[in-house]
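Q: One line per chain: the protein sequences are A and B, in this order. The numbers in this note's numbering rise by one with no breaks, and the one at position 201 of the first sequence is 209. The numbers in this note's numbering rise by one with no breaks, and the one at position 187 of the second sequence is 195. Right, I'll just put the structure down here and ask away after.
Number of protein chains: 2
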Amino acid sequence: MIIAKKITETREKIASAKQLGKAVVLIPTMGFLHEGHQSMVKIARNQDPNHKKIYIVMSIFVNPLQFGPNEDYEKYPRDLARDSGLAEQAGVDLLFAPSVAEMYPDGKSLTAVQVSQITEVLCGASRQGHFQGVATVVTKLFNIIQPDEAYFGLKDYQQVAVIKQMTKDLNSPVKIVAFPTVRESDGLAKSSRNAYLSSEDRRQAPVLFRSLQEAEARIIEGETCTEVVREEIRQRISSESNGKIDYVEIRKADNLAAVDSIDCPVVIALAVRFGTTRLIDNIVVEV
Amino acid sequence: MIIAKKITETREKIASAKQLGKAVVLIPTMGFLHEGHQSMVKIARNQDPNHKKIYIVMSIFVNPLQFGPNEDYEKYPRDLARDSGLAEQAGVDLLFAPSVAEMYPDGKSLTAVQVSQITEVLCGASRQGHFQGVATVVTKLFNIIQPDEAYFGLKDYQQVAVIKQMTKDLNSPVKIVAFPTVRESDGLAKSSRNAYLSSEDRRQAPVLFRSLQEAEARIIEGETCTEVVREEIRQRISSESNGKIDYVEIRKADNLAAVDSIDCPVVIALAVRFGTTRLIDNIVVEV
Chain A
9 MIIAKKITET REKIASAKQL GKAVVLIPTM GFLHEGHQSM VKIARNQDPN
59 HKKIYIVMSI FVNPLQFGPN EDYEKYPRDL ARDSGLAEQA GVDLLFAPSV
109 AEMYPDGKSL TAVQVSQITE VLCGASRQGH FQGVATVVTK LFNIIQPDEA
159 YFGLKDYQQV AVIKQMTKDL NSPVKIVAFP TVRESDGLAK SSRNAYLSSE
209 DRRQAPVLFR SLQEAEARII EGETCTEVVR EEIRQRISSE SNGKIDYVEI
259 RKADNLAAVD SIDCPVVIAL AVRFGTTRLI DNIVVEV
Chain B
9 MIIAKKITET REKIASAKQL GKAVVLIPTM GFLHEGHQSM VKIARNQDPN
59 HKKIYIVMSI FVNPLQFGPN EDYEKYPRDL ARDSGLAEQA GVDLLFAPSV
109 AEMYPDGKSL TAVQVSQITE VLCGASRQGH FQGVATVVTK LFNIIQPDEA
159 YFGLKDYQQV AVIKQMTKDL NSPVKIVAFP TVRESDGLAK SSRNAYLSSE
209 DRRQAPVLFR SLQEAEARII EGETCTEVVR EEIRQRISSE SNGKIDYVEI
259 RKADNLAAVD SIDCPVVIAL AVRFGTTRLI DNIVVEV
């Protein structure tokens with residue numbers, strides 16, 4: 009596995025791989041890898057265990073643009089030595105791990121990619137500028153790597169929706185592939201931020217997915233009122249944990265539009281704080 | 009020459025050209041071609057008269073996103089039959105002439121590319137949203153065509169600056185090449201909008217370039233005060249024409265920052281209305 013910190017070197021290696029006829033898969037991450045990231049690598053690698061047809065690029069970059077002033081940019085966990093071991097083991101061909109100065113040589117970007125509407129709800133409503141930072145850095149990564157496909161995890165459901173919208177609107181030649189959330193045995197969605205949790209918060213946090221599963225069951229049983237379902241989720245989280253709810257919302261699965269009555273595929277998404285750690289999770293319910 | 013109205017067909021033809029090892033040059037236009045456009049095609053074609061190494065793509069698209077509500081989107085001149093003759097004659101390989109529905113299938117784009125600072129002055133100050141429309145459509149064209157190089161005319165000096173900034177900030181793999189303004193024999197910058205001018209306005213319009221040349225001469229003689237030079241340009245335009253000045257500005261040539269004293273390369277840029285027709289021109293002065 010190659011570890012490249014420079015854009016120029018990365019472009020050269022990828023051009024060589026393309027010259028050999030390989031398809032390029034990009035898996036963008038902020039590092040501190042967990043099984044959610046590794047499973048995406050393995051799915052790509054299993055299609056081409058001999059490294060003949062698919063060139064797997066993983067990027068590791070904690071993007072300052074997508075963190076608000078009071079968020080966890082500084083303390084976000086970083087461990088390139090550990091990550092590069094896990095990436096290589098999973099089957100990555102090139103690990104692109106640029107510095108902030110390499111990505112933003114002028115200290116900032118005068119250019120921003122903005123997606124409207126679907127960024128104004130859920131996490132976009134509580135994290136001002138977050139999705140502009142995401143869309144901008146993903147556009148940069150797409151331009152640097154020029155992948156055929158890019159893989160994203162559905163734990164960040166809204167992020168996937170934003171990237172798909174952006175890719176469609178800007179005619180990006182990259183195919184976006186979304187992967188199911190990987191979970192701990194007790195249901196907690198794998199996340200780099202789980203490392204922040206106190207042992208007590210870690211014990212309580214599975215209530216998030218339990219409440220989503222319960223809500224799914226209620227909808228399948230016939231409940232169609234979003235307010236009823238949301239309230240049950242809120243109640244369960246409040247009664248079974250110390251988590252502070254940022255939002256619990258039920259929206260159309262395809263475009264995140266509001267729904268009053270559940271009569272189409274919906275995503276139930278939530279964000280809850282345990283101490284200073286903000287966890288998100290979601291479930292898609294097909295009706 | 010191929011005329012393609014669909015993105016899919018365009019991508020296929022370009023992929024075939026790339027497979028043959030050809031470099032792809034994109035010349036984005038809004039059509040109603042004049043010698044300014046043609047000269048860029050000819051410069052590319054002259055490097056490869058036998059169509060072996062360079063695949064020249066010209067796009068013709070009057071982009072609604074870059075026109076304000078009171079601007080000339082509806083009446084902007086369009087003549088694809090005439091344009092395709094001129095494009096073929098100049099040496100274009102593929103003319104990409106999409107409909108608005110092909111470029112904006114949802115009627116609009118939720119995604120926008122925004123460049124700050126350098127879009128807030130000159131034409132950006134009087135044409136709200138113009139450069140966001142330009143940056144967005146150019147990003148789309150770059151993603152559709154995936155050119156190695158894109159050619160732009162320096163008559164739209166600020167546009168070139170915006171595209172260069174965007175390309176740099178977003179790590180776009182496209183090399184931006186800027187070409188000098190092509191002029192009529194009396195100095196008027198070639199522009200599709202010149203077709204709107206009354207014969208009297210057409211007679212007066214060369215005052216724009218005369219005033220820029222005079223200003224250049226004054227600076228070379230030693231004048232360093234932007235206010236003095238600007239005032240002389242305004243006086244000349246007002247006394248020698250009925251043109252209504254939108255702006256006359258002197259800014260740093262590289263980043264369009266304000267300058268009080270002319271002690272570095274500057275661009276003198278102006279926009280003047282003749283009737284309902286808004287003409288722009290500029291000159292770069294190296295000191």
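We treat Cβ as the ideally placed atom computed from N, Cα and C, and that holds for glycine. Keep in mind it's a predicted model, so treat the numbers as computed, not measured.
With DSSP as the reference, identify every bridge partner of B/G161, one or two as the case may be.
A: In DSSP, B/G161 forms a bridge with B/F187.
Q: With 7 Å as the limit, tell me which residues of the region 167 to 197 of chain B have their beta carbon closer than that to any beta carbon of chain A; keep them in chain order.
A: Those would be Q173, M174, D177, L178, N179, S180 and P181, in chain order.
Q: So B/I276 is in the beta strand (DSSP E); what residue range does that whole segment cover?
A: Element bounds for B/I276: V274 to F282.
Q: Could you check which residue in A/D80, A/Q74 and A/P188 has the C-alpha nearest to that of A/T285?
A: Residue A/D80 is the option with its Cα nearest to A/T285.
Q: Decide if the region 58 to 77 of chain B is in contact with the region 100 to 115 of chain B; the criterion is three or more beta carbon pairs, one per stretch, under 8 Å apart.
A: Because the criterion of three Cβ pairs below 8 Å is met, the region 58 to 77 of chain B and the region 100 to 115 of chain B touch.
Q: Let me know if A/T144 comes out buried or exposed under the rule of 16 or more other beta-carbons within 10 Å of its beta-carbon.
A: By the neighbour-count rule (16 or more Cβ atoms within 10 Å), A/T144 is buried.
Q: When DSSP builds the beta bridges, which residues end up paired with A/N290?
A: Paired residue(s): A/A277.
Q: If we ignore side chains and look at the alpha-carbon of each, how far apart do A/R259 and A/I153 end up?
A: If you take the alpha carbons of A/R259 and A/I153, they lie about 33 Å apart.
Q: Does the region 210 to 220 of chain A come close enough to the region 230 to 244 of chain A that 3 or more CB-CB pairs lie under 8 Å?
A: Because the criterion of three Cβ pairs below 8 Å is met, the region 230 to 244 of chain A and the region 210 to 220 of chain A touch.
Q: Determine, using beta-carbon pairs with one atom in the region 87 to 105 of chain B and one in the region 49 to 61 of chain B, whether at least three such pairs fall under 8 Å.
A: Short answer: they touch.
Q: Going along the chain, which residues of its own chain have a beta-carbon closer than 7 Å to the beta-carbon of B/T147, five neighbours each way excluded?
A: Closer than 7 Å at the Cβ level, and outside the excluded window around B/T147, lie V121.
Q: On a CA-only basis, which of B/G251, B/N179 and B/C272 is nearest A/T18? Give me that one, please.
A: Nearest option by C-alpha distance: B/N179.
Q: Does the beta carbon of A/R19 come closer than 9 Å to any beta carbon on chain B?
A: Answer yes: the Cβ-Cβ gap between A/R19 and chain B drops below 9 Å somewhere.
Q: Can you list, in chain order, the residues of its chain whose CB lies under 7 Å from that of A/L94, leaving out five sequence neighbours each side?
A: Same-chain partners within the cutoff: L41 and Q46.
Q: What residues from chain A crowd round B/S117, counting only those whose CB sits closer than 7 Å?
A: Correct list: D177.
Q: Examine chain E for any beta-carbon lying closer than 9 Å to the beta-carbon of A/I68, and answer yes or no.
A: No chain E appears in the structure shown, which is made up of the protein chains A and B.
Q: Under 9 Å between C-beta atoms, does A/T37 make it to chain B?
A: Answer no: the Cβ-Cβ gap between A/T37 and chain B never drops below 9 Å.
Q: Does A/T144 get closer than 9 Å to chain B when you measure Cβ to Cβ?
A: So yes, A/T144 belongs to the interface.
Q: Any beta carbon from chain A within less than 9 Å of B/Q136's own beta carbon?
A: No, its Cβ sits nowhere closer than 9 Å to a Cβ of chain A.
Q: Show which residues of chain A have a CB atom less than 9 Å away from the CB atom of B/N71.
A: By Cβ distance, chain A contributes nothing, its closest Cβ being about 13 Å from B/N71, past 9 Å.
Q: With a threshold of 7 Å on Cβ separation, who are the neighbours of A/D254 within its own chain once the five nearest residues in sequence on each side are excluded?
A: Excluding residues within five positions, the ones whose Cβ falls inside 7 Å are S134, A279, V280, R281 and R286.
Q: Would B/A12 and B/L103 qualify as a contact pair, given that the criterion is a beta-carbon distance under 9 Å?
A: The answer is yes: Cβ separation under 9 Å.
Q: Answer with yes or no whether the minimum CB distance from B/T285 to chain A is below 9 Å.
A: No - not a single Cβ of chain A is within 9 Å of the one on B/T285.
Q: Would you kindly report the start and end of the unbroken beta strand (DSSP E) that includes A/L103?
A: From DSSP, the beta strand (DSSP E) with A/L103 extends over L102 to F104.
Q: Just how far apart, CA to CA, sit A/N263 and A/D56?
A: About 34 Å.
Q: By DSSP's criteria, A/P77 is part of a beta bridge. Which residues make up the other side?
A: For A/P77, which the question treats as bridged, DSSP gives no partner whatsoever.
Q: If you reduce the DSSP assignment to three classes, tell me which class A/S206 lands in.
A: Correct three-state label for A/S206: coil.
Q: At a Cβ threshold of 9 Å, is A/T147 touching chain B?
A: Chain B, which has a Cβ nearer than 9 Å to the Cβ of A/T147, makes this yes.
Q: Tell me where the alpha helix (DSSP H) around B/M48 begins and ends.
A: Where B/M48 is concerned, the enclosing alpha helix (DSSP H) stretches over E43 to N54.
Q: Given a cut-off of 9 Å on the beta-carbon distance, is the pair B/M9 and B/S117 in contact?
A: Contact flag unset, no.
Q: Counting only Cβ-Cβ distances shorter than 7 Å, please list the residues of the region 150 to 163 of chain A near chain B, keeping chain order.
A: Listed by position, the residues of the region 150 to 163 of chain A near chain B (Cβ gap below 7 Å) are N151, I152 and Q154.
Q: Spell out the partners DSSP gives B/L34 in its beta bridges.
A: The partner list for B/L34 (beta bridge, DSSP) reads B/V65 and B/A158.
Q: Using the three-state DSSP reduction, which class does B/K172 fall into: helix, strand or coil?
A: Residue state, collapsed to three classes: helix.
Q: Pick helix, strand or coil for B/R259, following the three-state DSSP scheme.
A: Strand.
Q: Using the three-state DSSP reduction, which class does A/V121 fall into: helix, strand or coil?
A: Three-state result, A/V121: strand.
Q: Give the single residue among B/Q167, B/V185, B/Q173 and B/G283 whose Cα lies nearest to the Cα of B/N290.
A: The candidate whose alpha carbon is nearest that of B/N290 is B/Q167.
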